[in-house]
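Have a look at the structure below before the remarks.
The structure is reproduced here in structure tokens:
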């Protein structure tokens, strides 16, 4: 019963097979191979436009490299206070951007809203050399709190960003889960809503370690290639990252498996919310459940081998916990977890 | 006939199998898994001592992270002028060290010698705040020019480094080829000769993308963990890098396959050196051949589909080229290459 | 009527004289001169202990260099959300620390309190590699909002910092104003209360550009010298910064002139608070007055040539403004300002 | 008898007077004052074109900030192996540029020539992501070895730089000495010969600490303002740097005093070259003399209180020393030095 994170689970068999198929023969290194070209073509088709694509092996690298490309060292990046870039990357964005500043904002369910962004912007004077200069807004899709931005929620943020000369970045480590939830096109969920660049994640949904940084306007990728190399993120045997992404993007499996994870999360949430003393903290729109659960219940669950994170210190005998489902979480684990929580 | 680089070749079947075996089930992320522990144990055994081990996915990352851990921002790193860190990493060491300086030195066959290092050191005044301060020596094993340091050549460099308060770093992207050539123990080739930290490469010899940064005194690893995370090089599904290294280090295959590449290089060299107008540029001690070849011959070879790098601009109708063999280079390719070069 | 900032005013005649006296003859460069040694001796005496002293020419440099010495790139610096390092240094601390993170906290009157710090610390897991690690607390004395920390307010913050393995930094750009207000010894206001390092400012109180970075435990200065040089802040003709500090620290003038600025601020505050519609926003404990003033009044004042900063956007016909007095602000300007504000 | 460096000497009385005159009253901070505007106007007139001007307080800051503005983090800066930026700035350019690489070149008398630059460039492949990319050439005027580039020597370097898409930077810490030697116009010695940006030094020729970074095409200054602030080099009381530069640039004093230093250097050189066993190492074209002098002679000179630098370790009983004259070096010191050297 491992609900710690979706990255606790392994990889799709199809991806392993693709790795094997890619293992033979000599090809051009550093992304000059046919598989890398094919992944690029797949993503252009998926997003219904010419895009620039750069495979990397971690979400932190994807986010930090993208932000460093979009933002000068004297820039400010507005993001949610609980976002991965703000909390869980050990300052990678600050390192890669050479000292830009992340400005943490509040927002229900891990989502930014234009009003909060606008209020924050009022503290930054454009051209005032003492202040870092507003340069990007970064949102997470699905969010760190298991919610999902609707295209109609992204568009006004992006419009506000644009009006202030800022770029719009999306951390899409769980983009598949968001899209499976939204049931709109990838284009609608991103550039049509005003997103300039994104980290398109595959790792959490079943790759070994494969993310694609995508610039919807290829010209904005500027010197990304050099930044990636300088950061040690340009792989000599790039074919093996591309093979993962190629298998990942083949057909609709990526959405179906993300959808499965989402369904299990809903099932888990429904099971939990009926239990006295348990309370859902956020709408369950993707593959994470945030619930306030009595500490005795949590102890019992852990006693039965359940793994999950406390999201906050205990308070009045209850603790906010995070439960994440994945493409490979056994459905029986969900059922068993609910039963134990129920005291059965 | 691809002799461009050993990284043009794919991966061992055993490594693909190991990836597949690691793909099932839920395990701890970020290196808390059993495979990562096993790799660490294997490397402790291999090197006959307690070592600190950090898997990463590229040689550039391995080198730059290790150097950044060993060297302060105001440090100087002495290295060969043709070394990978100096020439082929787009300034990654400067980025990761926050601005330390690489001091390029000359040396036959890509090797440093104590005299050159000593002369260079005489230009740096210890404690003189205007000068970057000597902080590390970095050598490559096998070297970028296809030669191999004997332990007896490393030891005096390391002693000189130590005498000046410097650390000794080894870029071991092709450590397997060096060791297969030396026929000494890994310990003799590294820490017993005075090496403090190394990049232990597996990628070029048949992994997908797997290198281990090793500190022979674990205390010297200091804040490596944070640097790796901050650089986006801590993988969530670390098991998949560790699975590669585990299969790589299983038995003596890694040395045998490197030995095979070395043998093919020698065979290639022997075939070429008998050809009129062709001249070997460096001793062939690992898996690379450097030869000066008439341009007409090179054109003929390329016309037959041979791939390799020019190492310098043409001069007097001949060009210095690099030919690299790998664990998977077909022996027939070597034979055919020589034949074509011979005008047969 | 310039109340924009204390740095709008010039320099003491005694400091100009000292510059002139230092201008003749040949002396050792880069701080090897007698004046620099004398300044160090003066500060050791002033602080009643052996301290390490590094003169620089700007407060931003002093703060950023000190923080970079105290904090690793993966460190977190807790500071007030309105502090100079957080808001007014264009990300200098992030640049000099190579990407450490400033964590902005709330606090009345620009002051941190232990409860807020403790709550913030609860979100950082020690040794958890994904989180930047708590490394320093930085307070400003006097604060950006014109208040002053009492030693008894600093000590519990410093104790909490120490308990979490953090260093305590003080931005003392207006330390003179704070001390003139506190009427305790410099030692009591700093290291006796737990401060590890400070920026000791002289510029705002009448130097041309002179601040001293002080480490109360000289061992903690570590590689400061190299950082200062690498940042272009080691002056060849250091004597001219030291001459300023020497004249500044001669006798008690520095406290008297800061005291004068404080007195004028109180006088200004008292004049304003009696005016209907005007409200002081913070206790006036140093040389800055924060007041909410009707916009019509502000327009009238500006019409008469008064200069000052709006501290927030207008709200309901009134605006929060900042008024700063200095060692050289004409007392008549204060009186005239109050009269005009009064509608006289 | 201090010949250590021109920065061992103090400041002009006219500059001290200007500081005093600037000390009164309230003016706009951070360069918004009239003196800073006047300095800009003076430099536009001096260089016969619209230029962007940024006063800073050290040569290292001027060079590093200018280079960081001209060069991306993945750029290469070609410079002489004995240049100040390569040897004497503790890696400041690497820090400010976020990890660009300085490529040290050889050249007689501290000067670069097109052939050497061209040969170096042949090792860098344009657009090859593994190599840092040629981005700037930096020359020093007058050079670190006391020679002076003629405009006709700069122009072909600049043309070659331009042809490779590089910018041309001049470290003009001793620009006054160069110009006094050249007897051409400032424009001829800089932008008319192809220089894009320069550090215009005043410190070594008699300011307290004042250099102006100049961009001959103001558009190339791009985000310099933010870089300067972020590095702690934007002074609140900028008027005091500008006052120095204003007095420095008033009339032709700056050239006359540099000319005097040059004349003393020639006098010193002429006195020394007649002494048996003494040999000039480089043409004496500015205010520095490099001479190989018997160690016994050097010991005698030091015994009489002479101060100067050894430029290399002793060799065969003689040592290469550097002797620098300044605007304020007593002529009698030169005469006395020669006499003692002569054994009189």
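Protein chains in written order, with this note's numbering: chain P, 1 to 344; chain W, 345 to 688; chain C, 689 to 1032; chain F, 1033 to 1376. The C-beta atom is built at its ideal place from N, Cα and C for all residues, glycine as well.
With respect to the 8 Å criterion, residue 1149 (chain F) and residue 1128 (chain F) are not classified as neighbours on the basis of their beta carbons.
The beta carbon of residue 12 (chain P) lies closer than 6 Å to those of 206 in the same chain, with the five residues before and after it left out. Beta-bridge partners of residue 280 (chain P) (DSSP): P:291. In the DSSP assignment, residue 114 (chain P) falls within the alpha helix (DSSP H) that extends over 114–121. At a Cβ-Cβ threshold of 8 Å, residue 521 (chain W) and residue 602 (chain W) count as neighbours.
Restricting attention to P:6, P:64 and P:44, the CA atom closest to the CA of residue 224 (chain P) is found in P:64. Residue 1197 (chain F) is outside the set of residues whose beta carbon lies under 8 Å from a beta carbon in chain P. Counting only residues of its own chain and dropping the five nearest sequence neighbours on each side, residue 813 (chain C) has a CB closer than 6 Å to the CB of 819. When Cβ pairs closer than 8 Å are counted between the two stretches, the stretch 268–287 of chain P is seen not to touch the stretch 161–171 of chain P, the count staying below three.
Contact with chain P is found for residue 402 (chain W), since one of that chain's Cβ atoms lies less than 8 Å from the residue's Cβ.
For chain F, the residues of the stretch 430–443 of chain W that bring a beta carbon within less than 9 Å of one of its beta carbons are 430, 431, 432, 433, 434, 435, 436, 437, 438, 439, 440, 441, 442 and 443, in chain order. Distances from the CA of residue 1268 (chain F) to each of F:1139, F:1068 and F:1363 were compared; the closest alpha carbon is that of F:1068. Residue range 874–877 is occupied by the alpha helix (DSSP H) that includes residue 876 (chain C). Residue 383 (chain W) sits away from residue 515 (chain W), with the two beta carbons spaced by 8 Å or more. The alpha-carbon of residue 1103 (chain F) is positioned some 36 Å away from that of residue 353 (chain W). The DSSP-derived three-state label of residue 423 (chain W) is strand. Sequence-distant partners of residue 936 (chain C) (beyond 5 residues in either direction) whose C-beta falls short of 6 Å from its own C-beta, in its chain, are 890, 895 and 942. Under DSSP, residue 484 (chain W) shares a beta bridge with W:515.
Listed along chain F, the residues sitting closer than 7 Å to residue 234 (chain P) by beta-carbon distance are 1161. Between the alpha carbons of residue 472 (chain W) and residue 718 (chain C) lies a gap of roughly 11 Å. Counting C-beta pairs with one atom in each stretch, the stretch 661–674 of chain W and the stretch 627–646 of chain W have three or more that are closer than 8 Å, which means they touch. Taking C-beta separations shorter than 8 Å and ignoring five residues to either side along the sequence, the partners of residue 361 (chain W) in its chain run 591, following chain order. The Cβ neighbour count for residue 34 (chain P), taken over all protein chains shown within 10 Å, is under 16; the residue is labelled exposed.
Around the CB of residue 1019 (chain C), fewer than 16 other CB atoms lie within 10 Å, so the residue is classed as exposed.
Take the alpha-carbon of residue 1206 (chain F) and the one of residue 999 (chain C): they are about 44 Å apart. Among the residues facing chain P, residue 789 (chain C) is included, as its CB has a counterpart in that chain under 8 Å away. The three-state reading of DSSP puts residue 127 (chain P) in coil, since its state is none of H, G, I, E or B. Look at residue 761 (chain C): its C-beta is under 8 Å from a C-beta on chain P.
Of the other Cβ atoms in all chains shown, fewer than 16 fall within 10 Å of the Cβ of residue 648 (chain W); this residue is therefore exposed. Under the three-state reduction of DSSP output, residue 200 (chain P) falls in the strand class.
Per DSSP, the beta-bridge partners of residue 653 (chain W) are W:666. About 7 Å separates the CB atoms of residue 1263 (chain F) and residue 1093 (chain F); that is less than 8 Å, so the two are in contact. Taken in chain order, the members of the stretch 1239–1266 of chain F whose beta-carbon sits within less than 9 Å of a beta-carbon on chain P are 1255, 1257, 1258, 1259, 1260, 1261, 1262 and 1266. Residue 1154 (chain F) has a beta carbon lying within less than 8 Å of a beta carbon in chain W.
If you draw a straight line from the Cα of residue 402 (chain W) to the Cα of residue 544 (chain W), it comes to about 10 Å. In the structure shown, residue 833 (chain C) falls within a coil segment according to DSSP collapsed to helix, strand and coil.
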